[in-house]
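Quick note: the sequence shown uses the working numbering, first residue -5, plus one each step.
We put the CB at the ideal spot given by N, CA and C, even for glycine.
As the structure is a computational prediction, the values presented were derived from the model and not from experiment.
One structure is given below, encoded as structure tokens.
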Amino acid sequence: MSPLQEHVESLFAGYKPTRQVRELKAEILSNLEAKVADLTTEGMEYDLAVEVAKANITSVKGLVEEQASYDVAKYRTELLQTALLYFLIAWIVTIPMQLFRVAENLSLLLPLIAVVLGIIYIIVRGSATGADSKTASFDYTSGVYKRNLAWIIWGIFVMAMTMSTTAIHMGSNIWFGRPLHISGPYQFGVLAANYVWPLVTIVIPLLFNASLRLKMKHEAGENHVD
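Next up, the structure:
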């Protein structure tokens, strides 16, 4: 990669590789190469000409539009399908926990959510068939921020629940320095289920991931490969 190409890549570091970004990269690289050619023709050393050309553009802020558009119908249909799959898997994971009477409300709530999502999915998919394509705009940077925030909040929640479970079931043993005693398989199952059930909520940050990924996949005017 030439010094000019490296400079152009560094200018666009952090930007999603949309069609607009690719076109701007090509245009800026072409302008820089033309600038270097002019300077070297005038007798300037090539390396110095490159540095002068690079100094002419040090930022692309304001040139790149953060807003992009996506196909609403395709996005909603696939997001609902993904959410339905996630909640069904989460429900299956919680089924064994019912043996230990842990997270019983969650085990009842998850299939209900899955049923509702299934009904909405059928309605949305049916209404999207033959309908005119509609687009909506989204901010990629904002989407990344929300996705990262969702993971941070989820991580804090899981950490808090883990500490709470540890305090409830092992607090006195830790405080008084006594060894942990598990009376049998059932007690071990109860303890394990209390540690595992908060992890089921990972479906929430995963949906934020899926939302951003699907908006990019169905971006208007773009061809994406899974």
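Nearest neighbour of residue i, chosen from the options [CA to CA]
i	options	result
V30	T159, Y180, A47	A47
G164	G149, Q181, V152, I150	The question names Gly, but residue 164 in the sequence shown is Met. When each option's Cα is compared against that of M164, the closest is Q181.
G112	N99, Q75, I83, E98	Q75
W145	I107, V87, I196	I196
A130	L208, I168, D32, H1	L208
V110	I176, M91, Y139, A77	A77
Simplified DSSP assignment, three categories, for residue i
i	result
S101	helix
E27	helix
S63	strand
E213	strand
T52	coil
R95	coil
E39	coil
S4	helix
S228	Missing from the structure shown is residue 228; the chain here goes from -5 to 220 and no further.
Y80	helix
Cutoff 8 Å: residue i Cβ touching any chain B Cβ
i	result
Y40	Considering every chain present, this structure includes no chain B. It has just one protein chain.
Cβ distance (whole Å) where residue i is taken to contact residue j below 8 Å
i	j	result
Y69	H212	5 Å
Where in the stretch 115 to 198 do unbroken runs of the alpha helix (DSSP H), each at least 4 residues long, occur, reported from the N-terminal end onward? 134 to 170, 179 to 190
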